[in-house]
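Working notes for the structure below.
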Amino acid sequence: MRKHIVAGNWKMNTTVPEGIALAKAVVEEGAQVPADVELIIATPYPHLYPVAEVVKGTRVALSAENCADKEKGAYTGEVSVSMLTSVGCQYTILGHSERRQYYGETDEKLVEKVKLALAAGLKVILCVGENLEEREAGKHFDVCAAQIKNVLYNFTAEDMKNVVVAYEPVWAIGTGKTATAEQAQEIHAFIRKTLADKFGAAVAEETSILYGGSCKPSNAKELFAQKDIDGGLIGGAALKAPDFIGIALSF
Ligand code: 13P
Numbered sequence: 014m015r016k017h018i019v020a021g022n023w024k025m026n027t028t029v030p031e032g033i034a035l036a037k038a039v040v041e042e043g044a045q046v047p048a049d050v051e052l053i054i055a056t057p058y059p060h061l062y063p064v065a066e067v068v069k070g071t072r073v074a075l076s077a078e079n080c081a082d083k084e085k086g087a088y089t090g091e092v093s094v095s096m097l098t099s100v101g102c103q104y105t106i107l108g109h110s111e112r113r114q115y116y117g118e119t120d121e122k123l124v125e126k127v128k129l130a131l132a133a134g135l136k137v138i139l140c141v142g143e144n145l146e147e148r149e150a151g152k153h154f155d156v157c158a159a160q161i162k163n164v165l166y167n168f169t170a171e172d173m174k175n176v177v178v179a180y181e182p183v184w185a186i187g188t189g190k191t192a193t194a195e196q197a198q199e200i201h202a203f204i205r206k207t208l209a210d211k212f213g214a215a216v217a218e219e220t221s222i223l224y225g226g227s228c229k230p231s232n233a234k235e236l237f238a239q240k241d242i243d244g245g246l247i248g249g250a251a252l253k254a255p256d257f258i259g260i261a262l263s264f
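Once you know that position 129 of the sequence shown is 142 in the numbering used here, the rest is easy, because the numbers rise by one and skip nothing.
Here it is in structure tokens:
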């Protein structure tokens with residue numbers, strides 16, 4: 014059985030004290046969530062160290078939102094995978110559309126990042142998804158397939174044990190416009206098939222594929238009821254513990 018996961022991506026929100034308070038609330042309210050749902054919070058870099066103290070020994074896992082594409086050295090402003098593991102991170106999000114769109118993150122760079130993250134023992138949440146223009150042109154399958162192939166096809170079935178895929182249609186992120194459950198299911202199944210083509214059906218069946226994009230307590234149940242949707246990557250609604258936990262209670 015593949016894992017159900019609800020991950021909060023805080024993006025560039027909250028100060029460190031606010032982040033500590035939010036993490037404490039997630040830990041506390043997360044106690045209601047069935048044990049088979051994994052809870053993850055992905056925080057800005059400065060928050061990781063103090064938030065690691067809050068989530069230590071609890072069911073809540075800690076994630077970064079990005080990492081450097083180099084191991085170490087003269088790369089001013091970057092944060093390496095060994096820095097992330099040294100503060101207790103278990104995951105990193107990679108390839109978020111905001112990074113692809115605003116910071117020139119390419120599939121080539123992502124291959125390097127995924128390599129470094131996995132080698133350091135971090136699990137990776139790799140984001141894929143089309144923008145509105147691509148969706149309207151009916152190119153969403155091609156775009157997602159290319160992102161999966163360009164990045165994940167460079168890895169092995171063994172590596173895939175530590176990879177989660179998040180489908181996040183760019184037109185649904187922060188817009189209040191959620192993909193319908195049918196739209197999401199259709200592309201999740203396609204992503205799973207794309208994984209199966211390279212890694213085999215068993216690996217594809219074991220890989221958790223999350224939906225992200227205006228997911229909230231009111232729509233999570235319908236999304237999570239779909240066969241190939243294994244949870245959510247949550248932005249805005251992850252900034253309020255009751256909403257985030259409300260989503261996690263939707264399985
Ligand atoms: P929203 O939930 O705010 O639409 O953001 C989704 C997202 O980008 C999570 O990574």
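Ideal Cβ placement from N, Cα and C applies to all residues, glycine included.
This structure is a prediction, so every number in the text was calculated from the model and none was measured.
query                                                                                                               : result
The region 173 to 190 / the region 226 to 233 touching (three or more Cβ pairs under 8 angstroms)                   : yes
Cβ neighbours of residue 159 in the same chain (closer than 7 angstroms, five flanking residues each side left out) : none
Distance between residue 142 and residue 156 (C-alpha atoms, nearest Å)                                             : 7 angstroms
Cβ-heavy atom distance, residue 144 to the ligand 13P, below 6 angstroms                                            : no
Assumed close pair residue 125, residue 82 - CB separation to whole angstroms, cut-off 8 angstroms                  : 4 angstroms
Boundaries of the alpha helix (DSSP H) in which residue 32 is found, first to last residue                          : 29 to 42
Separation of residue 146 from residue 135, as counted between CA atoms                                             : 34 angstroms
Any residue whose CB is nearer than 6 angstroms to a heavy atom belonging to the ligand 13P, listed in chain order  : 22, 109, 181, 186, 187, 225, 226, 227, 228, 246, 247, 248, 249 and 250
Distance between residue 93 and residue 70 (C-alpha atoms, nearest Å)                                               : 24 angstroms
Residue 90 classed as buried or exposed, judged by whether at least 16 other C-beta atoms fall within 10 angstroms  : exposed
Outcome for residue 28 when other beta-carbon atoms lying within 10 angstroms are tallied against a minimum of 16   : exposed
Contact set for residue 213: own chain, Cβ-Cβ below 7 angstroms, skip 5 residues either direction                   : 170
Run of the beta strand (DSSP E) containing residue 140, from where it starts to where it stops                      : 136 to 141
Chain C within 7 angstroms of residue 218, Cβ atoms only                                                            : Protein chains in the displayed structure number just one, and chain C is not present.
DSSP bridge partner residues for residue 201 (one or two, in chain order)                                           : Answer by DSSP bridge pairing: none, since residue 201 is not bridged.
Rounded Cβ spacing between residue 97 and residue 80 (contact assumed at less than 8 angstroms)                     : 6 angstroms
Selection from 88, 53, 149 and 109 that minimises the alpha carbon distance to residue 103                          : 53
Identity of the residues DSSP links to residue 104 by a beta bridge                                                 : 76 and 136
Environment of residue 180 [buried if 16+ CB atoms lie within 10 Å]                                                 : buried
CA nearest to the CA of residue 115, picked from 245, 183 and 129                                                   : 183
Residue 109 to residue 55 span [Cα, whole Å]                                                                        : 12 angstroms
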